[in-house]
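Peer 1: The listed protein sequences correspond, in order, to chains A and B.
Everything in the first sequence is counted per our numbering, starting at 1 for the first residue and increasing by one.
Everything in the second sequence is counted per our numbering, starting at 118 for the first residue and increasing by one.
Quick one: the structure is below, questions incoming.
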Amino acid sequence: DAGVTQSPTHLIKTRGQHVTLRCSPISGHKSVSWYQQVLGQGPQFIFQYYEKEERGRGNFPDRFSARQFPNYSSELNVNALLLGDSALYLCASSLAPGQGAYNYGYTFGSGTRLTVV
Amino acid sequence: DQQVKQNSPSLSVQEGRISILNCDYTNSMFDYFLWYKKYPAEGPTFLISISSIKDKNEDGRFTVFLNKSAKHLSLHIVPSQPGDSAVYFCAEGGATNKLIFGTGTLLAVQP
């Protein structure tokens with residue numbers, strides 16, 4: 001069974017550019033969450049989607065946006081990239097928001113390493 | 118503002134000994150805490166959880182203790198193995214369904 005898959009694995013962008021990161025959840029999982037992990041810090045919540053609807057948003061500027069598709073995959077978009085956006089972007093999936101989190105945790109992908117130069 | 122802190126950035130222990138990783142929190146209204154382990158170039162992997170109504174949960178070599186009066190939890194690994202070397206994160210979960218992570222502790226288990 002495929003786990004959570006993210007693409008691309010690595011990406012280098014220039015300041016001011018736009019980036020799209022992709023995530024496919026575990027088969028049967030309908031909820032996807034995005035986290036940003038800056039070097040030396042823990043992952044920080046960006047968005048949560050369930051059944052194509054935004055269910056939660058973290059403290060990130062409007063340059064960050066996301067969407068979820070009918071097949072439950074998701075895209076994270078970041079506009080007008082800044083050097084500070086350089087980070088590991090993690091996607092996590094679950095059956096539904098919070099469902100199974102206590103027993104199984106959210107399942108994370110390996111992440112996309114974004115470098116902004 | 119909810120905060121989760123892991124005040125020890127790193128910890129080194131000998132193989133076979135006990136590893137104790139600590140986590141402090143500020144929010145009393147959580148539902149559970151999760152512990153994750155992370156190897157380089159991989160996503161965090163779920164290890165063990167503890168509910169707000171419990172003070173201990175055990176799974177094999179891993180035990181998590183929760184002290185609500187001190188707003189403190191700890192993960193004990195006994196015996197520690199070289200394969201346990203990784204970054205460990207505690208994460209608070211609750212009604213919002215988002216996880217609030219600590220900054221992580223790098224555990225090095227020396228053979």
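We put the beta carbon where it would ideally sit given N, CA and C, even for glycine.
All of these numbers come straight from a predicted model, not from anything done at the bench.
Using C-beta distances below 6 Å, list every residue in its chain close to residue 183(B), excluding the 5 sequence neighbours before and after it, in chain order.
Peer 2: Counting from one through the second sequence, the residue named residue 183(B) turns up at place 66. So the list reads 167, 172, 190, once near-sequence residues are dropped.
Peer 1: Could you round the C-beta distance between residue 8(A) and residue 48(A) to whole angstroms and report it? I think they count as a contact, below 8 Å.
Peer 2: Here the question's residue 8(A) lines up with position 8 in the first sequence. Here the question's residue 48(A) lines up with position 48 in the first sequence. The Cβ separation is near 22 Å, so there is no contact.
Peer 1: Would you say residue 93(A) and residue 32(A) are within 8 Å of each other, going by their C-beta atoms?
Peer 2: Here residue 93(A) corresponds to residue number 93 of the first sequence, with the count starting at 1. Here residue 32(A) corresponds to residue number 32 of the first sequence, with the count starting at 1. It is a contact, given that the beta carbons lie within the stated cut-off.
Peer 1: Going by the C-beta, is residue 132(B) closer than 7 Å to any heavy atom of the ligand GTP?
Peer 2: Although the ligand GTP was asked about, the structure shown includes no ligands whatsoever.
Peer 1: Give a yes or no on whether 8 Å exceeds the smallest Cβ distance from residue 200(B) to chain A.
Peer 2: Start at 1 with the first residue of the second sequence, and residue 200(B) comes out as number 83. No, residue 200(B) lies away from the interface with chain A (no Cβ there is under 8 Å from its Cβ).
Peer 1: Any idea which residues DSSP pairs residue 227(B) with across the strands?
Peer 2: Walking along the second sequence from the start, residue 227(B) turns up at place 110. BP columns for residue 227(B) point to 131(B).
Peer 1: Express the C-alpha separation of residue 75(A) and residue 157(A) in angstroms, rounding to a whole number.
Peer 2: With chain A covering only 1 through 117, there is no way to say anything about residue 157(A).
Peer 1: Does DSSP put residue 124(B) in a helix, in a strand, or in coil?
Peer 2: Locating residue 124(B) in the second sequence gives position 7, where the first residue counts as 1. Three-state DSSP puts residue 124(B) in coil, outside helix and strand.
Peer 1: Spell out whether any CB of chain A is found under 8 Å from the CB atom of residue 171(B).
Peer 2: As a first step, residue 171(B) is located in the second sequence; it is residue number 54 there, counting from the start. Judged by the 8 Å Cβ criterion, residue 171(B) is not in contact with chain A.
Peer 1: Quick check on DSSP: helix, strand or coil for residue 210(B)?
Peer 2: Residue numbering aside, residue 210(B) sits at position 93 when the second sequence is read from its first letter. Correct three-state label for residue 210(B): strand.
Peer 1: Run through chain B and tell me which residues come within less than 8 Å of residue 110(A), C-beta to C-beta.
Peer 2: In the first sequence, the residue the question calls residue 110(A) occupies position 110. Going along chain B in sequence order, the residues near residue 110(A) (Cβ under 8 Å) are 158, 159, 160.
Peer 1: Tell me which residues share the same chain as residue 219(B) and place their Cβ nearer than 8 Å to its Cβ, disregarding the 5 neighbours each side in the sequence.
Peer 2: For the purposes of this step, residue 219(B) is taken as the residue at position 102 of the second sequence. Within the same chain, residue 219(B) has close Cβ partners 121, 122, 123, 140, 206, 207, 208.
Peer 1: Quick check on the DSSP output: the alpha helix (DSSP H) that includes residue 158(B) runs from which residue to which?
Peer 2: One-based indexing of the second sequence puts residue 158(B) at position 41. Residue 158(B) -> no alpha helix (DSSP H), and no H or E assigned at all.
Peer 1: Taking buried to mean at least 16 other C-beta atoms within 10 Å of its own C-beta, is residue 134(B) buried or exposed?
Peer 2: Start at 1 with the first residue of the second sequence, and residue 134(B) comes out as number 17. So residue 134(B) ends up on the exposed side.
Peer 1: Is the beta carbon of residue 223(B) closer than 8 Å to that of residue 157(B)?
Peer 2: Within the second sequence, the letter at position 40 stands for residue 157(B). Within the second sequence, the letter at position 106 stands for residue 223(B). It is not a contact, given that the beta carbons lie outside the stated cut-off.
Peer 1: What residues are listed by DSSP as bridge partners for residue 220(B)?
Peer 2: Residue mapping note: residue 220(B) aligns to position 103 of the second sequence, counting from 1. Answer by DSSP bridge pairing: none, since residue 220(B) is not bridged.
Peer 1: What is the DSSP secondary structure of residue 96(A), reduced to helix, strand or coil?
Peer 2: To locate residue 96(A), count along the first sequence from 1; it is residue 96. Residue state, collapsed to three classes: coil.
Peer 1: Does residue 138(A) pass the burial test, meaning 16 or more other C-beta atoms within 10 Å, or should it be called exposed?
Peer 2: Since the first and last residues shown for chain A are 1 and 117, residue 138(A) lies out of range.
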